[in-house]
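Q: Residue numbers (my numbering), protein chains in the order written: chain R, 811 to 1471; chain X, 39 to 388; chain Y, 128 to 413.
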Amino acid sequence: MRLDGSVLTARELRVELASGAAIIEGVSLELAAGDILGLVGESGSGKTTTARSLFGYADRGVSRQSGQITVAGEQLDTADSLRRARGRLLSYVPQNPGTSLNPSLRVLAAIEDMLSAHAAESGPRSGRGAAAAGLLDRVGLPADGQFGRRFPHQLSGGQQQRVCIAIALACDPPVVVLDEPTTGLDVLTQDRILAELVRLRDERGAAMLYITHDLAVVGQIASRIAVMYAGRIVEQGPARQILSAPRHPYTRGLVASTPDHLRPRVLEAMPGIAVGVGDRPAGCAFAPRCGQRTDRCETELPELAEISGRHLVRCFEWRSTPAVAPGPPITASPVARADPATPAAPAADLAMAGGTAPVADGVLVADGNLVAGAGADVRVAGPAASEAGSGQAILAVEHLSAEYRGRGARHVAARDVSFTLAEGGCVALVGESGSGKTTIARSIAGLHPPASGRILLAGQELPGRAQRRTTQQRRRVGIVFQNPAEALNPRHTVAAAIARPARLLRGLDSGAAQAEVDRLLDAVRLPARVARRYPGELSGGERQRVAIARALASGPEVLICDEVTSALDVSVQAAVLELLRELRRELSVAILFITHDLGVVAAVAERVLVLRGGIICEQGITAQVLGAAQHEYTRRLLAAAPSLSVSTQAWHDPEPAAPLA
Amino acid sequence: MGMATPPAMSAVAPIDADDPAIRAARHPVAAFLLRRVGGAVLSLVAATILIFIATNVLPGNAAVVVLGKNATPAQVHKLESELGLSHSEVRRYASWLGGMLHGDFGQSAVAVAEGRPDASISGTLASPLADSGILAGLTAILLIPLTLALGALAGLRAGRRADHLISVPALVAGGLPEFVTGTALIFVFFTALKVLPPVALLGPGQSPFTTPKALILPILTLLAVAVGAGVRQVRAGMIEVLQQDYVLFARLNGIPELRVLLRYALRNALAPSVQIIAQNLQYLVGGIIVVESVFSYPGIGTYLVNAVTSRDVNEVQAAAMILATLYVGINIVADLIVMFLVPRLRTAMS
Amino acid sequence: MTAATARRRPAVPWPALITRDRGGLVGTVLLVLIVLVALAGPLVMPHSSTAVLGTPGHGPAGGAPLGLDFLGRDVLSRLLAGGRSVLLLGGAATLVIYLAGLAIGLTAGYAQSFADPVLMRAVDVILSFPALLVMLLFVTAFGGGPGVLVGAAALVLFPGVARIVRTATTEVMTKGFVEAAVARGERAPAIMRREVLPNIVAPIVADLGIRFSWAIILIASVNYLGLGLRPPTADWGLMISENREIISTNPLAVLAPAAMLALLVIAVNLVGDAYVRQRSRSGGDQ
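1. Which residues of chain Y have a Cβ atom closer than 8 angstroms to the Cβ of X:Phe225, listed in chain order?
2. Can you give the Cα-Cα distance for R:Leu839 and Y:Gln239, rounded to whole angstroms?
3. Give me the Cα-Cα distance between R:Ser926 and R:Ser873, rounded to the nearest whole angstrom.
4. For R:Glu1392, count neighbouring Cβ atoms within 10 angstroms of its own Cβ and tell me buried if that reaches 16, exposed if not.
5. Got a sec: which bits of the stretch 1245-1259 of chain R sit with their beta carbon under 7 angstroms from any beta carbon on chain Y, in order along the chain?
6. Y:Phe304 lies in the alpha helix (DSSP H); which residues open and close that run?
7. Could you tell me which residues DSSP pairs with R:Phe1229 in its beta bridges?
8. Looking at the C-beta of Y:Phe256, does it have a partner C-beta in chain X at a distance below 8 angstroms?
9. Out of curiosity, what's the CA-to-CA distance linking R:Ile1370 and R:Ala1251?
10. Tell me which residues share the same chain as X:Arg384 and place their Cβ nearer than 8 angstroms to its Cβ, disregarding the 5 neighbours each side in the sequence.
11. Specify whether the stretch 347-367 of chain Y and the stretch 254-272 of chain Y touch according to this definition: at least 3 beta carbon pairs, one from each stretch, less than 8 angstroms apart.
12. Could you name the residues of chain X that R:Ile977 contacts, counting a contact when the two beta carbons are closer than 7 angstroms?
13. Using the beta-carbon of each residue, which ones in chain R are nearer than 8 angstroms to X:Asn306?
14. In the DSSP assignment, find the alpha helix (DSSP H) that holds R:Thr1109 and state where it starts and stops.
15. Could you pull the start and end residues of the beta strand (DSSP E) that R:Leu1266 belongs to?
16. Suppose contacts are defined by Cβ-Cβ distances below 8 angstroms. Is R:Ile977 in contact with X:Asn306 by that definition?
17. Let me confirm a value: R:Tyr1214 is counted as buried when at least 16 other C-beta atoms fall within 10 Å, else exposed. Which label applies?
18. Quick check on DSSP: helix, strand or coil for R:Leu1389?
19. Pull up the CB-CB distance for Y:Val223 and Y:Val159, whole angstroms please, since I reckon it's below 8 angstroms.
20. Look up Y:Met387 in the DSSP assignment and say whether it is helix, strand or coil.
21. For R:Ser1118, name the three-state secondary structure that DSSP assigns.
22. Pair every Cβ in the stretch 844-853 of chain R with every Cβ in the stretch 1379-1398 of chain R, then say whether three or more of these pairs are closer than 8 angstroms.
23. Taking only beta-carbon positions, decide if X:Val279 is within less than 8 angstroms of chain Y.
24. Select from R:Phe1126, R:Arg824, R:Pro1098, R:Leu1298 the residue whose C-alpha is nearest the C-alpha of R:Ala1357.
25. Which partner residues of R:Ala820 appear in the DSSP bridge assignment?
26. Evaluate Y:Asp334 with the Cβ neighbour count: other Cβ atoms within 10 Å of its Cβ, from every protein chain shown; 16 or more gives buried, anything less gives exposed.
27. Could you tell me if X:Asp169 is buried or exposed, where buried requires 16 or more neighbouring beta carbons within 10 angstroms of its beta carbon?
28. Determine, using beta carbons only, whether X:Gln271 comes closer than 8 angstroms to chain R.
29. Could you check which residue in R:Ala940, R:Ser1253, R:Val1368, R:Ser1243 has the C-alpha nearest to that of R:Arg1422?
30. With contact counted as at least three CB pairs below 8 angstroms, one residue from each stretch, are the stretch 347-362 of chain X and the stretch 144-164 of chain X in contact?
31. Less than 7 angstroms between C-beta atoms, sequence neighbours within five positions excluded: which residues of the same chain meet that for R:Arg1099?
32. Any beta carbon of chain Y sitting closer than 8 angstroms to that of R:Gln1282?
33. Looking at Y:Asn377: is its Cβ nearer than 8 angstroms to the Cβ of Y:His174?
34. Using a Cβ-Cβ cutoff of less than 6 angstroms, which residues in the same chain neighbour R:Ser1245 once the five nearest sequence positions on both sides are dropped?
35. Applying the 10 Å Cβ sphere with the 16-neighbour rule, what's the burial state of R:Arg1275?
36. Three-state secondary structure (DSSP) at R:Gly1192?
Right, dumping it as structure tokens:
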């Protein structure tokens, strides 16, 4: 790593709207060769605008940009110089590779196009084909002609992203800007792409600006992190330091909200919500939400000041920022080795212990820990940890299979799935997209009739379609969906939406229903005046709370949460998860939690089912499954899922030996 | 939009790129062709049935209508037997269908009633068909480049002056009925300026090329409506393509703007534009009816109108079938072209 | 990522939005004027629409500011009388179009598995014919009376609406709030009424202007060809064709009704376009 100069220096970047309001301001970044700088922020923080401004690119509505940008010694001070630097000095890797590749260009042609567009850098025409093939090889894709002749729609998500990376590297730019490059990919693919990026950094010394909202991901690969809030950088410094001892209250809040599947703890939510561009207060933008604020914070804007070697913070009260206590490392209970002569525990014993019926191919292990597939060395787990709730199963799913039929094709979404949910308990269904977890949730809710199997609510079998269920049955199961933007009817007020299940399923009259609306809004920690609003006037987190209130309006005993926080910022997610935890305690409602995020599982669920291709690979107590996973797929997921508490030495840059003078 | 057959609504379902049967097929092009041609044949069969029903549901029957109220029962009976009206519907349908497949469109009821020696329709169709073909063909040759060029330009310069200069007249021209536009043009170029004839009458067997001036206004009228509507649609497609991620990705990575416009934007705007052009060409099949009437141009449209006016059902059947077949045919050709332009549709999923 | 910051202002009702837009304002004013002329015209005719006043093709003179038509009748009076048929027939057709289109589109979109392919194939058959051709076939079969014109225009144009409604319906059906209603066990009619219909209004209203103008144009074209309403009915379309022969002596006889039709269609398109523009600007929740 060169200590003598940075390959990218940005000073005082400012981008304004036509009205003069600043989207970002005072943003200064420095990137050294071979370094990865993580730019972290939630939505509205300005991270994407910052990235785009490095290219001199403005979205609609943006009027001007100012600030100095220097890349590899070249000063880019005019719109023209910024444009000429694109691809040559700075290149871009997009968030959505599927839509970012020209659908009419074959893979090799797309890379060659990039090369020919920057003819000066890429050399003579005759060499381009070979150069393009070489680039494919460098990103781990087959360099043979057959692959290169494919169109983007013939590639998987991971392959598409690699092609985008190849294009970005084509002209060997000193700086690569990556805008949430792995957000749309599943965990295993993300892991591979991250490894690829680190390898490229090591081999080619390219400096990277990695933009993301995910602290855990950035902790895996970045040596330095800059955190943005409300258009300004609020903290910047060595990655390890920022993640283990954040000084800015917002950074601390982010760290405290980020779930960790290796060291689960209660997630702490930050009060309030982020402000929009036009509503930024005078003084520190975070002050309204800050627990350490003083009067000075509200009137005066703090500067970004260095507090120790290359660690800068924009806060007056940084000394009082409390530490984030990491949770205890997740451990499985002591393990006893199975005696091959010992027969597997009969189903009856398991039912008493709160276990489940055996899965067809599964190897049954005591205490309901179940591992599918013939594993060679199966270890028996010890006594179960005590579960919340009375232990009676409110929901039992037996041999559930569900499929999709479309134009003659049949796709099995879930196969022979069995599990139980105890009263007041919480079970997580975790898996990648296509694992069948959402289909199972929908079947339980009555939206997707199963092809075979039974769903039992307090011992009573439920008809497959919600329409055929009794009012009581429908009342007792509630469901909340993933997308807050579509969860509520835009034509109905919040009050109407929440009152409807209360009136329909509990037969309340309008007066009683209105009282319920008020009670539920309070339960989900929303102010009463929200009742008169329309969904279009609420934020994503608020809408999701309303959706939860609506699901609770019928007084259910089972609440199905289908990826309810996947579309929310991490701080909002923490608040919603905290809310669910409290509701569980107050109302004794059992929760079936669908997610792809192992960290969320660790924070919320006592038991977990790991799904793959519609089949349960592994199920059991969360601590056991996450701490001592038996199934190979579970292990791969755990290894691939980023975590704040993992410092993957192989990837991580060591701290600089001495601070820069 | 002032069209006899408004383009936007005339196309049968556009190519379904996500149809798993097509994607899964080893040879998507063949699978698609089979499906489309099959569908077209079904459409045409449905057309024959509907046309036949429409022309045979008259109160009274064709003979009475043609001869008028003062005909004697004997005359009616004679005409009925000459026209074969005493046979059952099914048999008449079958013989009509069979005849058409051999190029025989039956006999004109009016001609039979008048006792003319040669009442065959097939003979009388050739000239109007050719004349319409020339009119439509010349229009099409001008229509395609104009729509594409103006639409692309308006889309590329969306919101700016060039766009307004193109879009506003397009809105007006594309929205007016052909007969209004045609009449207005006649007023301007004949009544006021006296440079072009108001009608395009041709003698029997006379080629339209002998009086080229007569073609100008009919072509202009058709163009005004078709290009007006087409430009707005191409423009919208262009705007949408320019907002795609792949255009942004190319720009951020420094691909020169001209290449971005050509290879990334226009190239991907081409397929939907082909479908738009196809819809406009289909429109010509219907719009030509009114335009020929405005200018008294002796094409198949005038033929049809005269047939309807004189209630000569056999002629109506013949002209309707021809127009319907052309309409369906253009659709298939367009879909084929789109297939070649869109890689996703051509290649089987790997 | 849904922003914690994504809060929007309360929506403004769309009639206000349309008039805010310059094109929309012009269009609305024009439309109101023409509708007034068409509907109230016959009440203020200076002369009868069928009385012969003088020599055919006479230019504007004393009692006839627009001159006389090809039979010597007052053009102005016939102009005032000639809008009703256009508006009423077009309006009736549009009404039928939307009733049929909504019924079929909603059914196809809601009961996707079995009704959808059948209904849409049937609808596509109609779309595989040129519209005017179908009109002429109807006229051949049933004559050119007003009922036939309305029925034929409705048949030709409703499939487009059915398609739009079906697409919008299937899109809405995937949304969380509709699934929540299904999970509550609400019945199909209730779901369609409360959840689906209010949320598919936007594309329908966006289509309304165009559909109405197409209905008017189709019917006017048939009248122009002389195959629809019969003389001596005063109808703008018919007037344009019947006065062709005197276009040089009294062009107003042709231009006046042509202008009225043109302005009507332009006004409807302006309003429709303004609606689409404003809707996309205000975020599409309307």
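By construction, the Cβ of each residue, glycine as well, lies at the ideal position given by its N, Cα and C atoms.
A: Let's see:
1. Correct list: Ile374, Pro378, Val381, Leu382.
2. About 54 angstroms.
3. Their backbone Cα atoms lie some 32 angstroms apart in a straight line.
4. In this structure R:Glu1392 is exposed. Its beta-carbon is surrounded by fewer than 16 other beta-carbon atoms within 10 angstroms.
5. Within the stretch 1245-1259 of chain R, the residues whose Cβ lies closer than 7 angstroms to some Cβ of chain Y are Ala1255, Gly1256, Leu1257, listed in chain order.
6. Its alpha helix (DSSP H) spans residues 303-310.
7. DSSP output for R:Phe1229 lists R:Val1207 as bridge partner(s).
8. Yes - at least one Cβ of chain X is within 8 angstroms of the one on Y:Phe256.
9. One Cα belongs to R:Ile1370, the other to R:Ala1251, and the distance between them is close to 7 angstroms.
10. Excluding residues within five positions, the ones whose Cβ falls inside 8 angstroms are Pro66, Val67, Met377, Phe378.
11. Because the criterion of three Cβ pairs below 8 angstroms is met, the stretch 347-367 of chain Y and the stretch 254-272 of chain Y touch.
12. The contacting residues are Asn291.
13. Contact of X:Asn306 with chain R by beta-carbon distance below 8 angstroms involves Asn912, Pro913, Ser914.
14. Secondary structure note for R:Thr1109: its alpha helix (DSSP H) is the uninterrupted segment 1105-1109.
15. Segment 1262-1267, the beta strand (DSSP E) holding R:Leu1266.
16. No.
17. Exposed is the label assigned to R:Tyr1214, since fewer than 16 other Cβ atoms lie within 10 Å of its Cβ.
18. Helix at R:Leu1389.
19. Contact between Y:Val223 and Y:Val159 fails: their C-beta atoms lie close to 24 angstroms from each other, not under 8 angstroms.
20. The three-state secondary structure of Y:Met387, taken from DSSP, is helix.
21. It is a strand residue.
22. Yes, the stretch 844-853 of chain R is in contact with the stretch 1379-1398 of chain R.
23. Not closer than 8 angstroms to any Cβ of chain Y, the Cβ of X:Val279 fails to qualify, so no.
24. Nearest C-alpha to R:Ala1357: R:Leu1298.
25. Secondary-structure assignment with DSSP links R:Ala820 through a beta bridge to R:Leu839, R:Ile879.
26. Under a 10 Å Cβ-count criterion, Y:Asp334 is classified as buried, with 16 or more other Cβ atoms of the shown protein chains found around its own Cβ.
27. That one is buried.
28. So, not an interface residue.
29. The residue with the shortest Cα to Cα distance from R:Arg1422 is R:Ser1243.
30. Judged by Cβ distances under 8 angstroms, the stretch 347-362 of chain X makes contact with the stretch 144-164 of chain X, as three or more pairs qualify.
31. Excluding sequence neighbours, R:Arg1099 sits near Met1080, Pro1081, Gly1082.
32. Closer than 8 angstroms: no.
33. Taking 8 angstroms as the Cβ cut-off, Y:Asn377 and Y:His174 do not qualify as a contacting pair.
34. Correct list, in chain order: Leu1421, Arg1422.
35. Under this definition R:Arg1275 is an exposed residue.
36. Note that R:Gly1192 scores a pLDDT of 28, beneath 50, so its modelled location is shaky and nothing firm can be said.
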